[in-house]
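In this note's numbering, the protein residues as written are 55 to 182. The C-beta atom is built at its ideal place from N, Cα and C for all residues, glycine as well. Worksheet: one structure, shown below.
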């Protein structure tokens, strides 16, 4: 986890990297950068972007964990589960639903609000 996340952060522009301090407030900086980098979700899903998408997902997950506890896990029990085989978070304070950081990042690119991830975080925090 640490090595892949460090490689992602090291590859970011310095101005953005300085804003990514592992606080929930940094979600909007990350999301804004992703929206400027990708004109569409399809662009982000290109094989050449896999490491970047993975790194952004790891960052989002680690911020959730730092603030709300929990741990990473991958569920391989039910192939019909929407998050089958994807890294998820469990044991977060107030958690009532599955949380998959990758799908938070991809949904943010699809919805293009600039505040999607931070809104999900704030809604989750309100339940704690």
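Completely contained alpha helix (DSSP H) runs for the segment 55-113, where each covers 4 or more residues: Listed in chain order, the complete alpha helix (DSSP H) runs (minimum 4 residues) inside the segment 55-113 are 56-64, 68-73, 81-91 and 95-98.
Three or more C-beta pairs below 8 Å linking the segment 163-174 and the segment 77-89: When C-beta atoms of the segment 163-174 are compared with those of the segment 77-89, three or more pairs fall below 8 Å, so the two segments count as touching.
contact_flag[the segment 108-120, the segment 129-138] where n(CB pairs < 8 Å) is 3 or more: Output reads no: the segment 129-138 does not touch the segment 108-120.
Residue 155 vs residue 111 beta-carbon contact at 7 Å: Locating residue 155 in the chain shown gives position 101, counting from the first residue. Locating residue 111 in the chain shown gives position 57, counting from the first residue. Closer than 7 Å, so yes.
Which listed residue (80, 64 and 75) has its alpha carbon closest to that of residue 176: Position 122 of the chain shown, counted from the first residue, corresponds to residue 176. Of 80, 64 and 75, the residue nearest in Cα terms is 80.
Neighbourhood of residue 78 by C-beta distance below 7 Å, restricted to the same chain and skipping five residues each side: Within the chain shown, residue 78 is the residue found at index 24, counting from 1. Annotation for residue 78: 117, 121, 172 and 175 place their beta carbon closer than 7 Å to its own, counting only its chain and skipping 5 residues before and after.
Local Cβ density within 10 Å of residue 153, reported as buried at 16 or more and exposed below that: To locate residue 153, count along the chain shown from 1; it is residue 99. Residue 153 should be labelled buried.
Entirely enclosed beta strand (DSSP E) segments - the segment 123-156, minimum 3 residues: Counting whole runs of 3 or more residues, the segment 123-156 contains the beta strand (DSSP E) stretches 125-128 and 141-144.
Expected contact under 8 Å - CB spacing of residue 124 and residue 59 to nearest Å: Start at 1 with the first residue of the chain shown, and residue 124 comes out as number 70. Start at 1 with the first residue of the chain shown, and residue 59 comes out as number 5. The pair is not a contact, with the Cβ atoms about 16 Å apart (cut-off 8 Å).
Residue 115 - DSSP class collapsed to helix/strand/coil: In the chain shown, counting from the first residue as 1, residue 115 sits at position 61. Shown here, residue 115 sits in a helix according to DSSP, grouped into three states.
8 Å Cβ shell around residue 94 - same chain, five flanking residues per side excluded: As a working note, residue 94 is residue 40 in the chain shown. These residues qualify, in order along the chain: 163.
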